[in-house]
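The next block holds one structure in the form of C-alpha cells; read it before the comments.
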Amino acid sequence: MLELISHFWALVPVTIAQSLILSFVVLAIMIPFRILGFPDLTSEGAYPLGGAICAMALMAGLPAWSALLVAMAAGFLAGCATAFIHLRFRIHSLLAGILVMTMLYSVNLRLLGKSNQPVFNLRTIFSFLIDHGLSDIGAKIMVAGAIAVLAFLLLRLYFLTEKGTAMRAVGANPDMAEANGINVWTMTVGGVGLAGSFSALSGAIMVQSQGFADVNMGFGILINGLAALMIGEAVVGKQTVVRQLLAPFVGTLIYYQLISVCLVAGLPPGDLKLATGLFVLAMLAAPSLRGRGAPMARDTMRD
Amino acid sequence: MLEVQNARRVFFPGQPDEKIALDGLDLKLASGDFAVVIGSNGAGKSTLLNAISGALRLDSGKVFINGRDVTAIPVHRRAVHVARVFQDPMKGTAATMTVAENMLLAELRHNPARLRRGLTKARRAFYAEQLSYLHLGMENRLDTVVSTLSGGQRQSLSLVMAVTGTPDILLLDEHTAALDPRTADLVMDATIRAVTALKLTTLMVTHNMKHAVDYGNRVVMLDSGRVRFELAGDEKKNATVAGLVSHFAVKTDRMLLGA
C-alpha cells in the first residue's frame, strides 16, 4: 500500500503538467456544450490538427510561440467549419462535428506525411525556463499553468462584456437572442471557432511537451474531456459564469489524478475507456435517477 | 408607422394540406396607433406578426416600417425597429441568465453589442428603475436567474424588455393568455401604461373580445389571411363584445371570457 502511494506521489507533477495542457480541450468542450447549447465533437479532430500544424510549423523553423498561434488559427477554422455545416445545411451539430473530425483525420495525415512525426531537439515554449535552471516538468507546469490562467482571465473578461453576454444569450434562447438583435450565425460560428482554437492550442502544447505529433493523438480525448468537465462542474458548480469557466480547469486536474490512481492501482490501461465511459454515463444519468427514479416508458413516449 | 402591402404566404404549397396563411393582406398603422387584432384560429394573426418581425419570409408583398422597406431584412437586424412579447413567457427571456443580464440583452436590440463592459453600475441602476414601474419588487431581484421567476414575473420582464429603447413597433402576441386572470390583469395594466406613456405603435393579438373593446384605438379582424373589417374612431369607441363576436362564424367561450 505504502509503495503504491509513493508510486502515485512520484507521478503527481507529471500528471499536473499533463492535465494543465489538456485543460484547454476540456475548455473547448465546455464552451459550445454549456455556453452555446451546441454539443460539439470537433475537438477530437481539432486537437490532433493543432498538434500536426504545430509540428509542421516547428519543422519549418517557426518559433515555438508562433507555432501555437498558427495551430490556434487552424483550430479556429475547424470549429467554424462545424458551426457553418450545422447552420447552413441544418445538419445536427453532433453529426457536423463527426464529419469535420473524420475529414480532419485525412488532413492531419497529409500534414504529417506519416502517422508519427518527432520534433525532438527543437526549441519549445518550455526551453526558456529549462535554460534558466527549471526542471523539465517544472517548466511545463509553469508555462501551461500561465497560459491556463491567461485564458481563464481573458474569457472571464470577455463574458462580462456586451458581446460575451450576447453569446451566452444565443445558448440560452436563440430565438430570443435573434429577436434582440443578436446575429446567431456570427455568434455560433465565432464561439465554436473559439472552442476549436483552444482544442488546437492543447494539441500544439502537447506536441511540444511530448516531442512528437501523432495522427491518433486525439483518440478518446473527447470522452476524457467530458468526464473532466463533469467532475469540475460537480466540484465548483456551474451557476455563475466564473464557476462555469473554472470547472474545466479544476475538473481536468482532478480527473487525471484519478486516472493516475487507477493506473498505479493496476487497472489495465485498455480498460480506462470503459471506466471513463461508465463514469460519464453515471454523471449524466444522475439527475434523472435522483429526481424521480427511472421514468416509465410511457412517460417518455408522452413527451 | 407600419405598412403591410399585399402580403401573401402559403404553407405547404402544392400539397394536400396547402394552407394560405396570408392572402393579399393590407394593413396600415399610423404612428401611435394601438390596433387590436382579432380573428379565429388560422385566420393569419400569428403569421402576420411573424411577417412583421421578420421571423417569417413572405412569398410576395412588402412590409414597411417608418416608410422603409424591411421585407428582406432578417430578424436580428429588424430588431432595432420591432419588439415583441410572446404568449409563452419562456420565449421572450433567457431562462438561465439573470434579470439584469436579460435587461442588458434588451438594450442591445437598439444598441448593438460591443466589446465593452456589459453590466455597469449605471446600467444596473437604470434597469432597477425601469423594473420598479411594475410594482412587483423585481428591482431588488436583478441578480435572480430568470428561470426561478413566476410566469407572471417573467412575462412582466418580457414586457419591460420589449418597451426599453422605445421600439417603432410593439408586437403583443396574446401575451396575457398563458397567465392566471389576476396576473393577466397586472401585465395588461402595465402594458397599457407603457404603451400610453411611450406612445408606441402597437399591434396586439388577442382572443379576448373584452380586451378588443377596452383597449386600443383600432380593431382589425382577420379572416382567411385577409382583413375582414376594421373599426376606428367612434366606431371603435362604440364597439361591444356582442357586436364583435357576431362577426365570428364559430364562437368560443374564450372570446367572452372576462366579458
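In the order they appear, the protein sequences are chains A and B.
Per the numbering used here, the first sequence starts with residue 1, numbered consecutively.
Per the numbering used here, the second sequence starts with residue 1001, numbered consecutively.
For each residue, glycine too, the CB sits at the ideal point set by N, CA and C.
From a predicted model like this one, the values you see are computed outputs, not experimental measurements.
- Counting only runs of at least 3 residues, the segment 85-165 of chain A fully encloses the following beta strand (DSSP E) elements, listed from N- to C-terminal order: 116-118.
- For the pair F1064 of chain B and E1003 of chain B, the CB atoms are nearer than the 8 angstroms cut-off.
- Under a criterion of Cβ atoms nearer than 9 angstroms, the residues of chain A adjacent to A1079 of chain B are, in order, E178, A179, N180, G181, I182.
- When beta bridges are read from the DSSP output, T1202 of chain B appears opposite B:F1034, B:L1170.
- Think of a sphere of 7 angstroms around the beta carbon of H1175 of chain B: no beta carbon from chain A falls inside it, the nearest being about 14 angstroms out.
- Neighbours of T188 of chain A in chain B, taken as residues at a C-beta separation under 9 angstroms, are lacking, since the least C-beta distance is about 12 angstroms.
- By the Cβ neighbour-count rule, H132 of chain A is exposed, with fewer than 16 other Cβ atoms within 10 Å of its own.
- Of all C-beta pairs linking the segment 37-54 of chain A to the segment 245-252 of chain A, fewer than three are shorter than 8 angstroms, placing the two stretches out of contact.
- The alpha-carbon of L99 of chain A is positioned some 20 angstroms away from that of D214 of chain A.
- Under the three-state reduction of DSSP, T1098 of chain B is assigned to strand.
- Residue pairing by DSSP places V1220 of chain B opposite B:V1037, B:E1230 in a beta bridge.
- Ranked by Cα distance from F24 of chain A, the options A:L289, A:V149, A:L109, A:V189 are led by A:V149.
- In terms of Cβ geometry, G1039 of chain B and L1222 of chain B form a close pair [threshold 8 angstroms].
- From the listed residues A:C80, A:L22, A:D175, A:T186, the smallest Cα separation to A1095 of chain B is found for A:D175.
- Judged by their CB atoms, D1189 of chain B and S1046 of chain B are not nearer to each other than the 8 angstroms cut-off.
- Boundaries of the alpha helix (DSSP H) around V1160 of chain B: 1151-1163.
- Taking a contact to require three or more Cβ pairs closer than 8 angstroms, the segment 192-212 of chain A and the segment 1132-1144 of chain B do not qualify as touching.
- Using beta-carbon distances, K1091 of chain B counts as an interface residue toward chain A, with a partner under 8 angstroms.
- Residues of the segment 1092-1117 of chain B whose Cβ lies closer than 9 angstroms to any Cβ of chain A, in chain order: G1092, T1093, A1094, A1095, T1096, M1097, E1101, N1102, L1104, L1105, A1106, E1107, L1108, R1109, H1110, N1111, P1112, A1113, R1114, L1115, R1116, R1117.
- Assignment of G1092 of chain B by DSSP, reduced to helix, strand and coil, places it in the coil class.
- In summary, A1249 of chain B is exposed, with fewer than 16 beta-carbon neighbours lying within 10 Å of its beta-carbon over all protein chains present.
- Of the candidates B:N1006, B:I1052, B:K1236, B:L1119, the residue whose Cα lies closest to the Cα of G164 of chain A is B:L1119.
- The beta-carbon of R1084 of chain B is placed less than 8 angstroms from the nearest beta-carbon of chain A.
- Taking a beta-carbon distance threshold of 8 angstroms, V1075 of chain B counts as an interface residue toward chain A.
- Against chain A, a Cβ distance below 8 angstroms from S1053 of chain B picks out A179.
- For H7 of chain A, the number of other beta carbons within 10 angstroms of its own is below 16, and it is reported as exposed.
- Burial check for R1193 of chain B: the Cβ neighbour count within 10 Å stays below 16, so the residue is exposed.
- With respect to the 8 angstroms criterion, V143 of chain A and L155 of chain A are not classified as neighbours on the basis of their beta carbons.
- Here T240 of chain A is exposed. Its C-beta has fewer than 16 other C-beta atoms within 10 Å.
- The beta-carbon separation of G1225 of chain B and I1020 of chain B, rounded to 5 angstroms, stays under the 8 angstroms limit for a contact.
- Between V107 of chain A and L58 of chain A, the CB-CB gap reaches or exceeds 8 angstroms.
- When the Cα atoms are used, G145 of chain A and A83 of chain A turn out to be separated by approximately 29 angstroms.
- Taking a cut-off of 8 angstroms on C-beta distances, the segment 10-23 of chain A does not touch the segment 58-68 of chain A, as fewer than three cross pairs fall below it.
- Residue state for E1018 of chain B is assigned as coil, using DSSP reduced to three classes.
- For A1232 of chain B and T1252 of chain B, the gap between their C-alpha atoms comes out near 25 angstroms.
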